[in-house]
Amino acid sequence: MLNQLEGIVIRTQAYGENNKIVTLFTREAGKITCMARGAKKPSSRLAAVTQQFTHGSYSIFKGKGMGTLQSGDPLESLRHIREDIMKTAYASYITELIDRLTEQDEPQPAIYDMLYQALHAIEEGYDPEAISLFVEWKMLPSAGLTPTLHQCANCGATDGEFAFSFEELGFLCHRCFHIDRYIIRLSPALVKLIRTFYFVPIERVGSLKLKKESKSLLKGIVRTIYEEQAGIRLKSRKFLEQLERTPEFLPKKEEQDPQQDEIT
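One rule links them: number in this note's numbering = place in the sequence shown (from 1) + 505.
Here it is in structure tokens:
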């Protein structure tokens with residue numbers, strides 16, 4: 506059966522001297538893996554359309570087992586991501602997370618739309634670290650984790666001061682701080698940020714400017730959830746952390762953090 510699918514290349518693997526195994530996340534069929542014969546040859550008609558992060562329309566022959574990529578037409582190359590080492594690192598982290606948390610051949614249009622919006626935001630110059638936070642928080646349910654963020658996880662209160670509890674997997678109000686001695690106290694602005702990351706679609710966010718300290722704290726929380734609750738630590742994270750510790754690779758705009766977090 507020949508299928509015409511719109512998709513984004515999220516992973517490639519060399520196979521033999523000239524071939525690639527390509528993983529696409531498609532709008533219609535979810536994550537699929539196919540063989541792209543000859544795609545490693547620079548002259549191949551499949552070379553350009555099988556580059557990581559490419560958004561294209563693909564013809565895939567699907568029988569039993571792995572499909573075969575017959576042809577592809579690029580819709581967008583997202584080349585600015587591949588030309589910037591930090592953008593590439595964060596985009597790779599996002600695609601690896603989605604790859605890790607999704608099953609083959611299961612249509613998931615909401616995740617496809619999120620991936621599409623995230624990569625386009627990075628391509629258009631939005632802070633890739635902040636965009637990766639959106640994806641990390643939004644993918645928690647795909648890891649079987651549903652934090653309580655709209656109210657206190659213990660008493661259900663929606664008002665007051667809040668902290669994050671790993672034990673309760675969600676917010677605790679000030680009345681319930683005593684039930685977890687290891688809570689992370691949060692300012693109202695940080696509570697709003699977490700709720701925005703988890704509940705608000707990326708495309709509904711206009712301006713996005715976050716302090717480095719805020720990103721570090723929220724990143725620490727969500728990655729601890731993945732590690733301790735789901736046992737997930739990604740290969741691309743190690744490379745990303747090495748880059749984050751290398752000042753010469755950081756974009757110049759990081760040198761002057763905003764005085765306060767801004768999401769509109």
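From the three backbone atoms N, C-alpha and C, an ideal C-beta is built for every residue, glycine too.
Keep in mind it's a predicted model, so treat the numbers as computed, not measured.
Among residues of its own chain, excluding the 5 on either side of residue i, which ones have a beta-carbon nearer than 6 Å to its beta-carbon?
i: Glu749; result: none
i: Thr663; result: Gln656
For residue i, which of helix, strand or coil comes out of DSSP?
i: Ile603; result: helix
i: Tyr617; result: helix
i: Gly512; result: strand
i: Tyr631; result: coil
i: Arg690; result: strand
i: Phe639; result: helix
i: Phe558; result: coil
Just how far apart, CA to CA, sit residue i and residue j?
i: Thr559; j: Ala544; result: 14 Å
i: Ser712; j: Pro706; result: 13 Å
i: Pro579; j: Val514; result: 11 Å
i: Gln791; j: Thr517; result: For residue 791 there is no data in the structure shown, the boundaries of the chain being 506 and 769.
i: Met506; j: Gly572; result: 10 Å
i: Asp632; j: Lys714; result: 8 Å
i: Phe676; j: Phe566; result: 47 Å
i: Leu739; j: Leu654; result: 25 Å
Residues in the same chain with beta-carbon distance under 7 Å from residue i, minus the five sequence neighbours each way, listed in chain order, please.
i: Ala519; result: Lys525 and Lys545
i: Gln509; result: Ser562 and Ser564
i: Asp685; result: Ser670, Glu672, Glu673 and Leu677
Please look up how many angstroms separate the CB atoms of residue i and residue j, rounded, as I've assumed it's under 8 Å.
i: Leu583; j: Leu624; result: 6 Å
Just to confirm my understanding: we take residue i, look at its own chain, exclude 5 residues before and 5 after, and list those with CB closer than 8 Å. What are they?
i: Glu522; result: Lys545
i: Thr555; result: Val514, Thr517, Lys525, Val527, Ala541, Ala544, Leu574 and Gly577
Among all the DSSP beta bridges, which residues are the ones paired with residue i?
i: Gly467; result: Summary: the structure shown does not reach residue 467, with the chain confined to residues 506 through 769, and so no result is reported for it.
i: Ser670; result: Gly675
i: Lys569; result: BP columns for Lys569 are empty, so no partner.
i: Ile699; result: Ile699 pairs with nothing; no bridge assigned.
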